[in-house]
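Report on the following structure.
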Amino acid sequence: MAYPIQSIPDREILIGGKPYLYFGGTSYLGLQNYAPFKELYLKNVSTYGMQYGASRKSNLQLSIYEEAELYLANWVGCEGCATMSSGYLAAQLVVHTLLDRGHPVFAAPNAHTALLINGVKQSKDFVQLSNKISKTVHGTKLPVLLFDTIDFSGNQFLNFDGLRQLPLDKMILVGDDSHGIGIVGDNGNGCYRMLKALQPAKLMVCCSLGKALGTQAGAVFGDASDTKMLQSTPFYGGASPASPAFMATLMGAKEVYSKRLMELKGNYQNFRSQLKNPAFFNHMDGHPTFEFQDTSVATALNKSGFIFTNFNYPDENGPLVSRIVLSAYHTKQDIENLAHCINTITG
């Protein structure tokens, strides 16, 4: 069931005049209504305006874009970064470019729809995927594997066991880190370094910057030669960039991000410590999301005053996703109320 609301959701929302605690969405650091973050963004809007619609290839170049890309690359731990107006577009930039260059492109099970364009070969499991890839590793073009770093089925992060079964030294890895950047890794810098340690032939990581980091933009991280190659394409040159105010906010929000990440980690530890039956959830250690399939529990939680992620994704024919999402904006009491309710319902 969809609930109409009139403002951006925060820790508490009103539906039909009744207050609910909200444990859904993707605002892991709870920044959309966080005053220090909003003030920083509005300050940058006064400098850069609301939007900038010109191509990044135009004869006028706003320096904030290259400055932000250098900043992000240094933070993530890679040579290069290319930003776009959304994570969806950033993912499609990478996939379109690799397909156009003749690479055989495969998608791991549960890869995000942004990666699944025409020409991408899908597999039902890693056994089938491995068999398909093994037939292409000795070709003239390296095979490409598209996958989500945070696969909510639990098959990737933290150890990436599925990837380790593959001939990574003969492959290009393209990870979508939209649900990792900002909350996992060293100081929230995502999964890039973890994946680099697997020593693939080549690595690119794309992501939305609009979930944990609260900025309406997307990015691709990789070797400098690869990000420059992406930026040379018509796909990139024909797209309007992200808002320059958001780029400036990304650079200026280091202390805000660090503070909110600490608060999120505190909420996570508090919740985990109070759960009597953590095995009830499909959960990745260290990630603030907890999935379950029991519709009766979903109904009981809702009746007890909790709203959480609970809809068919990515469309009405997709599986029902029931997911509790912890955020930095939740209070200690919010967490305790949720844990108590879950413990009571699940026995």
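No gaps in the numbering here: position 99 of the sequence shown is 116 in my numbering, and each next residue is one more. Even for Gly, the Cβ is constructed at its ideal location relative to N, Cα and C. Computed from a predicted structure; not experimentally measured.
In terms of CA proximity to I198, A234 leads the group A234, F328, R181 and D240.
Annotation: I22 to F323 spans about 15 angstroms, alpha carbon to alpha carbon. Taking 8 angstroms as the upper bound for CB-CB distance, Y274 and L230 are in contact here, some 7 angstroms apart. Assigned with DSSP and collapsed to three states, V62 falls in helix. Residue environment for H347: buried (at least 16 other C-beta atoms within 10 angstroms of its C-beta).
For D165, the secondary structure class from DSSP, reduced to helix, strand or coil, is strand. Nearest to P53 by alpha-carbon distance, out of T266, Y285, V342 and A214, is T266.
Taking all protein chains in view, the Cβ of A296 is surrounded by fewer than 16 other Cβ atoms within 10 Å, so the residue is classified as exposed. For the 8 angstroms CB-CB criterion, Y105 and P261 do not form a contact.
Excluding the 5 residues flanking it on each side, L57 has same chain C-beta neighbours closer than 8 angstroms at T266, G269, A270 and V273, in chain order.
In the three-state scheme derived from DSSP, where H, G and I count as helix and E and B as strand, I134 is classed as coil.
In the structure shown, the three-state DSSP call for A85 is helix. If you draw a straight line from the Cα of G66 to the Cα of I189, it is about 38 angstroms long.
Annotation for A236: the continuous beta strand (DSSP E) segment containing it runs G235 to G239. Residues Q216, P217 and A218 of the same chain have their beta carbon placed closer than 8 angstroms to that of D186, with the five preceding and five following residues left out of the count. Rounded to whole angstroms, the Cβ separation of N299 and F309 is 7 angstroms, and the two are in contact under 8 angstroms. Contact between A125 and G179 holds: their C-beta atoms lie close to 7 angstroms from each other, under 8 angstroms. Excluding the 5 residues flanking it on each side, I362 has same chain C-beta neighbours closer than 6 angstroms at V314 and A317, in chain order.
DSSP places A124 within a strand segment (E or B) once states are collapsed to three.
Counting every other CB atom within 10 Å of its CB across the protein chains shown gives N148 a total below 16, marking it as exposed. Across the structure, H357 and D168 are spaced so that their CA atoms are roughly 27 angstroms apart. Under the 8 angstroms Cβ criterion, the segment 91-111 counts as touching the segment 244-256, having at least three qualifying pairs. Here K141 has P126 as same chain residues with Cβ atoms under 7 angstroms from its own Cβ, once five neighbours each way along the sequence are excluded. The alpha-carbon separation between S321 and H304 amounts to approximately 25 angstroms. Non-local C-beta neighbours of L337 in its own chain, meaning closer than 6 angstroms and more than five positions away in sequence, comprise N329, ordered along the chain. In the displayed model, T153 falls within coil according to three-state DSSP, outside both helix and strand. Of the residues assessed, D332 falls on the exposed side of the cut-off, its CB having fewer than 16 other CB atoms within 10 angstroms. K35: member of the beta strand (DSSP E) spanning K35 to F40, first to last residue.
Counting only unbroken stretches of 4 or more residues, the alpha helix (DSSP H) elements lying wholly within the segment 174-244 are 178-181 and 209-213, in sequence order.
In the three-state scheme derived from DSSP, where H, G and I count as helix and E and B as strand, I32 is classed as strand. Judged by pairs of C-beta atoms under 8 angstroms, the segment 203-216 does not touch the segment 69-78, as fewer than three such pairs exist.
One Cα belongs to I25, the other to A19, and the distance between them is close to 15 angstroms.
Taking 8 angstroms as the cut-off, the beta carbon of R277 is found closer than this to the beta carbon of L48.
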